[in-house]
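Quick mapping for you: the protein sequence lines, in order, are chains A and B.
Under the working numbering, read the first sequence as residues 56 to 1671, first letter to last.
Under the working numbering, read the second sequence as residues 74 to 277, first letter to last.
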Amino acid sequence: MDPKEEKVKIITEEFVENDEDADVGRKNTSKTQRQKRKKQLRTAGPKEMVSGKPHGGSQQGPAQEDPDPDTHLLSMPAQRGPRSLPPLPSASRTGFAEFSMRERMREKLKAARSKAESALLQEIPTPRPRRLRSPSEKELETEFGAEPGRETKRTAQDIDSQSYSRVKFRDCVRKVKSKPPPPPGFPSAEEAYNFFTFTFDPEPEELEEKPKAKPREGANQEEAEGEEEEPPVQGDEEELLNGRDAEDFLLGLDHGAEDFVAMRPAYYESVHVQLQKEREFLFTPSRLTVPTSKKLPENMQPRFLEDEGLYIGTRPEVPRAMQNIMENRLLVQEPDRRWFGDDGRILALPNPIRPSPSRPPALTQEQDIHAELETLYKKAVRYVQRTQHMIGSGDLPENFQLDIDISGLIFTHHPCFSREHVLAAKLAQLYDQYLARSQRNKAQFLADKLQALRNAVQMGLDPEKSHKSVDITPKTINEYKSEIRETRKLRDAEQETDRTLLKTIIKVWKEMKSLREFQRFTNTPLKLVLRKEKVDQKADEEAYEAEIQTEISELLEEHSEEYEQKMEEYRTGYQQWKAWKKAQRAKKKKKKQAAEEHHDEEAEEPPPGEGPVKPIPPEPIQQAVLEQEVRERAARSRRRPGEPMLVPELSLAGNVTPNDQCPRAEVLRREDVKRRSVYLKVIFNDKEVSRTEGRPLGADFRVHFGQIFSLQIVNWPESLTLQVYETVGHSGTTLLAEVFLPIPETTVVTGRAPIEEVEFSSNQHVALDHEGVGSGVPLSFEADGSNQLILMTSGKVSHSVSWAIGENGIPLIPPLSQQNTGFRSILKRADAISSIGTSGLTDMKKLAMWAAESKLDPNDPSNAPLMQLISVATSGKSYVPEFFRLEQLQREFDFVSDEELNRAKRFRLLCLRSQEVPEFRNYKPIPAYDREIMDKVFQDYEKRLRDRNVIETKDHIDSHRAVVAKYLQQVRESVLNRFLVAKHHFLLTDLVVEEEVPNISILGLSLFKLAEQKRPLRPRRKGRKKVTAQNLSNGDIKLLVNIIRAYDIPVRRPTTSKFQQPSRSSRTFRERHTASPTTHSPTHSADSPLGQVLVRPFVEVSFQRTICHTTTAEGPNPSWNEELELPFRAPNGDYSTTSLQSVKDDVFINIFDEVLFDVLEDDRERGSGIHTRIERHWLGCVKIPFSTIYCQARIDGTFKIDIPPVLLGYSKERSVLAERGFEPVRSLSEGSYITLFVTIEPQLVPGESVREKFDSQEDEKLLQATEKFHAECAFKFPNRQCLTTVIDISGKTVFVTRYLKPLNPPQELLNAYPNNPQATAELVARYVSLIPFLPDAVSFAGVCDLWSTSDQFLDLLAGDEEEHAVLLCNYFLSLGKKAWLVMGNAIPEGPTAYVLTREQSHYLIWNPCSGHFYGQFDTFCPLKSVGCLIGPDNIWFNIQRYDSPLRINFDVTKPKLWKSFFSRSLPYPGLSSVQPEELVYQRTDKAAAAELQDRIEKILKEKVMDWRPRHLTRWNRYCTSTLRHFLPLLESSRGEEVEEDHRAELLRQLGDYRFSGFPLHMPYSELKPLIEAVYSTGVHNIDVPNVEFALAVYIHPYPKNVLSVWIYVASLIRNR
Amino acid sequence: MAAAGPSVFLLMVSGQVESAQFPEYDDLYCKYCFVYGHDWAPTAGLEEGISQITSKSRDVPHALVWNFPIDVTFKSTNPFGWPQIVLSVYGPDVFGNDVVRGYGAVHVPLSPGRHKRTIPMFVPESTSKLQKFTSWFMGRRPEYTDPKVVAQGEGREVTRVRSQGFVTLLFNVVTKDMRKLGYDTGPSDSQGVLGPSPPQGLPP
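Below is the structure:
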């Protein structure tokens, strides 16, 4: 870069110098010199390049100073020293070797050459001169002055400098050059060789003294030469050293150069400057985000199409920075913002990259793939267009044929028309019109009609003449008259048109003739001949005159009528006017009195616009005027009388002037016409099916095709189009026009089809430069160019379209069903009526009416079909279907009628099964034939359907319960149906087992696990594998019950108690054996010293009537540790989740005392035999519903044994007393306990509730808050129950606090203990617990937990924990207690709801289902964990570390312990309660209760007898009545503190019986649980021969039909 | 009733799970079981089976050959719920955990005769990349809760699967009384029995 710049500088200097010597146009000379001085230049060029740079600055000064070149020559070596590179090119030597010789030659040549080259220089581009002057040139200048040799050098140098960098031939040349140099002054060998072998132009020119003018190319070749010679220059230094002379010379030259070149320090540009410069040139787009406003036009908001709902594909992923750069660049480069979309982003197509490759993966094993990839040959199937009508059956000929005959084409206008042609076409058109009109002869028809009408009127007017047409009334005459008027007008118009047409024809023909004359040649053979038909002038005149006269008379008549009418009008009008005038005048008078001076004017002119205008009397008609009018009109429209009738005849007889007689323009036109050809394409259903051959356009612009196309078609054609194409020469084809052909009627078959003409026209604009008039361009026939008309290319295609006829004469027409548009024509074929009838006029009667109203001419032939139609329609013969069928083919596919299908039992069974109707859900297999299906299969189902609305009272003794049960059933069904769909909604987790999304702790844990020992020392329990229930069968599932131990079992009372004096024989076996220490358990032995009677309890587990029992243990705190296994049978063998959930069976765990009686009759036998009888006495039971076990998977814990309030012969007192000292905690709740572990083997997957989002009426914000609350709680304590919203019985989500509201308990209960709030509370709890328990899982199997409100609950009299708890809580609230709903886990219920109340100093936990309450610190409280508390206005989630009620603080005001839902940030919005305002309690009908009591007693007695089939069951009536009296006492005391009294009472009454029995108490829901309970006690199992039974039932009615049932069962054995 | 003809038809399937192509895996075993409709009941043979572990052959196709026999007979009154064989292939992963390598199902061929079926096998995909990694790492790949899921259409829309390989099965199907009950299942059954011409579509 630097050298170049420097060079430029030097050149400018040189220019200054050059000016002195080269006066003769510097450019010219320099060019000349260039040619000559090539060799020298080569020497200097490289040197300059190399040396110029380092020394540029320093050398320049001296060089300029030094005027003498010689001194420089001497000083050269000194200056050479610092040079890094010897700048001596070998080529220079050559140059100098030849120099002298050349010099001479040059002298001679110079003059001639300069002259020749001056011309060339003009063409040399501007950069050239710059190149020419290089510093080395200057050397020469100084050395040799302005001598001619300088020029040579300069040329060479120029070339060298140009070619410096080109080293193409360097290698080869270098090889040659490496030879020893020749003696100085002579060319070296290779140089000589080069000289002669290379064909460079300039060199030979110099050598051989050819002073020719060099073309510009010469210069180029010089450059090429330079390339060749230059490389050695650089390469071989030693060579140069050898050539001493040459070097000297060169050195001298060098010196010279240095002298004149200014030497400067190395050019340096600072980085900043550079950057500055770069900044000017370079544009670096910013990376910053462009504000959207910049990218959009002013005042426009960005518009996001996506937000508007339009689809925009995914944009390709481009880094943000790149986008910014691009946007910045676009903004600068293309300021018009066309690259930005409406949304302010760069326009981008959607990402074309698919996420996954669509190409199937290449499989390597070909052999195996073959099976799938093998291609099968399938015969080609004919494509049948589906969009429209499919062909029905196959019995029709499959191909239909449409024959399209295109006979020809006539242009009515074409761009190549000459003027004459235009006229000729016009003439032809007019003539056609004339022919058509004359054929129709409408004027004549109208004239005849007029005549007929006149006759009719005439006859009507002369009654004596019209004897036969009596019906002609004045009215008809009037009608006739008006018709005459109309007809006459029409006739006149027709006649006038005819006449004008004729006139026009003649006029055009005249024009044509004059044109032909004018242009002196004829283009068209058209010739018009007017034939004159002679007429009888006389007759003609007469007829004419007569016609005029009639017309005049008619008109007169009309006018007179009209005149009369007008006169009438005038008169009335005049009267009015007069009256008005009078009034005016009267007014005026008044005015006049006021202003007299203006009297005249006012009187004369009434105020304009006011009042009626004075009517003008109609002028009577003058006959003369009328006649004049009529005659004028006649003259205009009618042939004059006597004038010959002119009949034009058009013929093509004329001669067309041959080409050679035509002017040039016309010849051109004709040639153009010849070059044109036309062809037609046949387009069928928008597809080209064939095309005609291209036919040349004739001189008459007619094209004859004469081609018939037979289209084989499948469907009814939709469209048929011809496209007219014109080809001009070989250039191109243009579509002139499209012609739409009508699809022929089915009657049109080949051979009968007429040739029709269809007109077409094109809108193309063509202007031609010859005689042709062109299309779409104005054209005038007038000399002055006025009256322009624009003609478009147009023409007619003559064709015929018809249906082909098959071999057997059947037309190949698509069948009727195929035609939609064509179905009209089908009917037309049927009869003429429907041809009109289907053309849109379907209502025949309306049509007839319209025809009558519009006075259709029945004689008009064009109306004929319509009239026929009307006549037929009104006669009622035509058949139009009155129905519309939507799927007319449906019946074809019905293989059996609907009734038959409904009768098919198998089909019905299949349908029912697929609908999952419970009875048939798992019905299998469905037999193959109807006959194998028994009718009774449907019986149950049908009965159920029938009974849906019939309340059956058989199972339900109480009618109210029956209603409730029915209602419950219906609710259940509806709910089930609602969720049937949801059940089939799957989540990923239902189908795929996948690890949870791991969080870091799990990940870390699992990583840690990797390092864990394979067999740890303390193994952990691993969860059992869960089994999905569906693939199970009977016997697969077992119920495992582990009976571990029991506490505080009641012990027997000593038989020596006050009321029983046992005889010796009936001493219990046990009593005897207690003495023997060997059989004693430790407990026993502990007791025995105190002389206590022991108990030998065992546990019996009964489930689904299967009974298992443990071995007998001893003592009140027995330990069994036994596992009992009970099989489980699902109902109907259906092991689906829903079915399992709805299992209502309970597991009864009964505790018995085994009592051995010595039945030995004789003491004497005691030594030889043992004769004992085992009796078992029921002590109590624990009942666990199966659904609980199923949902919980396992139940593990200590349960309170449900011990009857009175257990005769047993007492707990002793144990309680004994243990109170040791276990003070236990003493808080009295009772017996059993520790159990119950599970199912294999573990079943419990059903999940439906995860459907229920609709809600709650506030959206509240719902969001609940979700948030849930999430927060679940995050902290995932296991704790958190409840905010529940689903009400109608399936809506309701916020839970809405359920809590103080509600009044029955007044009756409040009155019971007016002064004892605690007792009242207990009574209320008892009342609530008496409402039967029915888990939701059972009622709404597999669906969800539904919460009913308290009134619904009381109406239903069934519910699960939540309903009980809600009701109890509401009662407590109304009693003024502080009460909350506790959501938590309890045993055995699992997740459940309890009620928490706050007493003065402590909290009480109430079990709403049992009515029991526990202190907060009661260890036997079944509530094991507390999740949240729900109050009427808030929810508190337990965020304490522990959740056991023993260890938590129930103070909800402490936010650190309880997280409240409504807080300061979300205040309680005051939610209205869903509960009723007040509960209304009906008193239960005592009579009904008593009746129910009797019935239950009867049923139970029957059952007991049934259970003892082998024994006689005797009922002790006396005992029964005693018990019956006793039961109400139990109810009133709620089973407490009556035992002693009762015992005494019984003793008194049944002194000599050994009595064993107990009262059972339960809420009443159905009969079945009662029976089950009685059965489970096993009272009936006593088979002592003389046993007697007693059974008493007592029902205590509570308000709202809540019934408390007491059953006292007892067995009595008479003591002997 | 016996004179009226049979009330059930029988379908006997014998054959074998021949081999598999799992290009990336080795040491695989497979389980098979049948899924059939309500009206179907197996009368003889084994409904499910578990094969030996097989290793890749050393020759080029690298087939995993089990040649595990299938032999089962069904009876039914109704072709609805025609039996499908469900295959699931398992094998050890890098860490030696047994993971599923593929599920696949195909209907037992309807027409009597010898049929070869190649079933593409697939496994459910993890729901996220992270889970994919952890499942790979912990050797607990996503699995269907029940392999029989692949024989049913319901609920499949929630899963995403990846194809893994192919298993080739050979069936020999014999039916009895199908035609007597009015079911026509193919050309070979129609021999000697009057009826409509055998269905087209198969190359001769």
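In this text, a Cβ means the ideal position worked out from N, Cα and C, and glycines have one as well.
At a cut-off of 9 Å between beta carbons, Phe1041 (chain A) contacts chain B.
Separation of the CB atoms of Ile1098 (chain A) and Glu1028 (chain A) is rounded to 39 Å, and the pair is thereby denied contact status at 8 Å. Bounds of the alpha helix (DSSP H) holding Thr1321 (chain A) are Glu1315 to Lys1331. Contact note: Ala435 (chain A) does not reach chain B at a C-beta cutoff of 8 Å; the least C-beta distance is about 14 Å.
The Cβ-Cβ distance between Arg334 (chain A) and Asn379 (chain A) does not fall below 9 Å.
Here the stretch 1542–1559 of chain A makes no contact with the stretch 1382–1390 of chain A; the two share fewer than three CB pairs at distances below 8 Å. In this structure, the alpha-carbon of His820 (chain A) lies about 16 Å from that of Thr782 (chain A). Chain-ordered listing is empty here: chain A has no CB closer than 9 Å to the CB of Pro182 (chain B), the nearest sitting near 14 Å. For Leu1378 (chain A), the enclosing alpha helix (DSSP H) starts and ends at Pro1372 to Ser1384. Taking a 10 Å sphere around the C-beta of Lys998 (chain A), we find fewer than 16 other C-beta atoms and assign the residue as exposed. When only Cα atoms are considered, Phe107 (chain B) and Pro1333 (chain A) end up about 40 Å apart. Neighbourhood of Ala114 (chain B) in chain A, by CB distance below 9 Å: Lys979 and Pro980, in chain order. The residue from A:Arg1107, A:Asp553, A:Ser473 and A:Cys1483 with its alpha-carbon nearest to that of Leu846 (chain A) is A:Ser473.
In the DSSP assignment, the residues bridged to Cys1236 (chain A) are A:Asn1205 and A:Asp1257.
Residues of the stretch 212–225 of chain B with a Cβ closer than 7 Å to any Cβ of chain A, in chain order: Arg213, Pro215, Glu216, Tyr217, Thr218, Asp219 and Val222.
Inter-segment contact for the stretch 1355–1365 of chain A and the stretch 1493–1508 of chain A is absent: fewer than three beta-carbon pairs are separated by less than 8 Å.
Annotation: the continuous beta strand (DSSP E) that includes Lys1433 (chain A) extends over Lys1433 to Ala1441.
Rounded to whole angstroms, the separation of the alpha carbons of Arg358 (chain A) and Tyr176 (chain B) is 49 Å.
Under DSSP, Asp1213 (chain A) forms a beta bridge with A:Thr1227.
Among the residues of chain B, those whose CB is under 8 Å from the CB of Val1048 (chain A) are Pro215, Glu216, Tyr217 and Thr218, following chain order. Listed in chain order, the alpha helix (DSSP H) elements of length 4 or more contained wholly in the stretch 595–626 of chain A amount to none. When the beta-carbon positions are compared, Val1293 (chain A) and Ile1244 (chain A) come within less than 9 Å of each other.
Relative to the Cα of Glu971 (chain A), the nearest Cα in the group A:Lys1509, A:Tyr996, A:Tyr1022 and A:Glu682 belongs to A:Tyr996.
Leu242 (chain B) has a beta carbon lying at 9 Å or more from every beta carbon in chain A. Using a Cβ-Cβ cut-off of 8 Å, Gln89 (chain B) is close to nothing in chain A; its nearest Cβ partner there is about 16 Å away. Those residues of the stretch 152–173 of chain B placed with their C-beta closer than 7 Å to a C-beta in chain A do not exist. Closer than 9 Å to the CB of Phe82 (chain B) there is at least one CB belonging to chain A. Interface residue (Cβ-Cβ distance to chain B less than 9 Å): Leu1299 (chain A) is not classified as such.
Think of a sphere of 9 Å around the beta carbon of Glu227 (chain B): the chain A residues whose beta carbon falls inside it are His1039 and Phe1041, in chain order.
For a Cβ distance threshold of 8 Å, residue set Glu1049 and Glu1050 of chain A lies close to Ser208 (chain B), ordered along the chain.
A direct Cα-Cα distance of roughly 8 Å separates Ile1442 (chain A) from Thr1253 (chain A).
Counting C-beta pairs with one atom in each stretch, the stretch 1413–1431 of chain A and the stretch 1368–1376 of chain A have three or more that are closer than 8 Å, which means they touch. In this structure the stretch 117–125 of chain B does not lie against the stretch 164–171 of chain B, because fewer than three pairs of beta carbons, one per stretch, are closer than 8 Å.
For Arg968 (chain A), the chain B residues whose C-beta falls within less than 8 Å of its own C-beta are His111, listed in chain order.
Chain B places no beta carbon closer than 9 Å to that of Tyr1663 (chain A), leaving this residue out of the contacts. If you draw a straight line from the Cα of Arg1572 (chain A) to the Cα of Arg1563 (chain A), it comes to about 19 Å.
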